[in-house]
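Worksheet: the structure to be examined is printed underneath.
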Amino acid sequence: MIKVAVCGALGRMGQEVVQAVETAEDMELVAKIDIAADNMYRTIEEAARVEDIDLLIDFTQPKSIYENALYCLNNGIKIVIGTTGLTDEQIKDLRQLSLQKNTGCFIAPNFSTGAVLMMMFARQAAKYFDNSEIIEFHHNKKKDAPSGTAVKTAQMMAEEKPDFALENTDEVETIEGARGGNAYSNIHIHSVRMPGFMASQEVIFGSQGQILTIRHDSSDRKCYMPGVLLAVRHTAHANNFVYGLDNIL
């Protein structure tokens, strides 16, 4: 049995993860952790002093995830990270620490298999189009922008081509930010935050006379659970560093 702790257990994603782990035949939920809790562990350190934890699943907040990951890797606890907001430098540091400590670390900007397929399709399309932009839509309680999924998508596309703004005219923004954030390989990312959305993303490709749009919509957080459990099972039996669910599909 894989002894699992869930950090952020009271959050909307955390509650779904708790239920998924409890119903998995090869996993045992040994600790629920949430800073807002009165009847469960409030910190990873507190839980680790009492429970034998093989692996921790983190769905907390951007401001706490890096420190959580450092604690786990430095204390021999494998970690699966679903919290977005890590910087490129922080991801690089966690990769190095994971390898140094020989302790598995799995980071996924998105655990939905449909969203991961969207990213993989976008990478394929990137070979054939010289212009592309990304629009991502989330609820207005999401604290980071752009989403980790948008960032990962842009990174995957940038591996295929150095510039996605071919022949674009020189631009002047009369309202700052109107063209979104200019990310990897000049891919503009636009973040929408509005009640009514859960998580959606469009990758738009254009060339002379045609537009290709690849879109994914999530309407229920249960869609992430098969990917979370897949990541847990992989990480429980490996000591490597993985960034992105696409690497184990």
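This note's numbering puts the first residue of the sequence shown at 9, with every later residue one more than the last. Positions of the beta carbon are idealized from the N, C-alpha and C atoms, including for glycine.
{"Query": "What does the alpha-carbon distance come out to for the pair residue 118 and residue 109?", "Result": "25 Å"}
{"Query": "Run the proximity test for residue 178: is its beta-carbon closer than 7 Å to any non-hydrogen atom belonging to the ligand SAH?", "Result": "Among the components of this structure there are no ligands whatsoever, and the ligand SAH is therefore not found."}
{"Query": "Give the secondary structure of residue 147 by DSSP, where H, G and I count as helix, E and B as strand, and everything else as coil.", "Result": "coil"}
{"Query": "Measure how close the beta-carbons of residue 253 and residue 116 come, nearest whole angstrom, since I'm counting them as under 8 Å.", "Result": "5 Å"}
{"Query": "Over what stretch of residues does the beta strand (DSSP E) that includes residue 35 continue unbroken?", "Result": "35 to 41"}
{"Query": "Would you call residue 183 buried or exposed, if buried means 16 or more other Cβ atoms sit within 10 Å of its Cβ?", "Result": "exposed"}
{"Query": "Within this structure, are the beta carbons of residue 142 and residue 209 separated by less than 8 Å?", "Result": "yes"}
{"Query": "On the premise that residue 127 lies in contact with residue 160, defined as a C-beta separation below 8 Å, what is that separation, rounded to the nearest angstrom?", "Result": "6 Å"}
{"Query": "Below 8 Å on the Cβ atoms is my guess for residue 242 versus residue 256; work out the distance and round it to an integer in Å.", "Result": "5 Å"}
{"Query": "Which residues in the same chain as residue 152 place their Cβ atom closer than 6 Å to its Cβ, once the five residues preceding and following it in sequence are excluded?", "Result": "70, 92 and 93"}
{"Query": "First and last residue of the beta strand (DSSP E) that includes residue 223?", "Result": "218 to 226"}
{"Query": "Quick one: which unbroken alpha helix (DSSP H) runs of 4-plus residues sit fully inside the region 124 to 204? Chain order, please.", "Result": "156 to 166"}
{"Query": "Do the CB positions of residue 40 and residue 14 come within less than 8 Å of each other?", "Result": "yes"}
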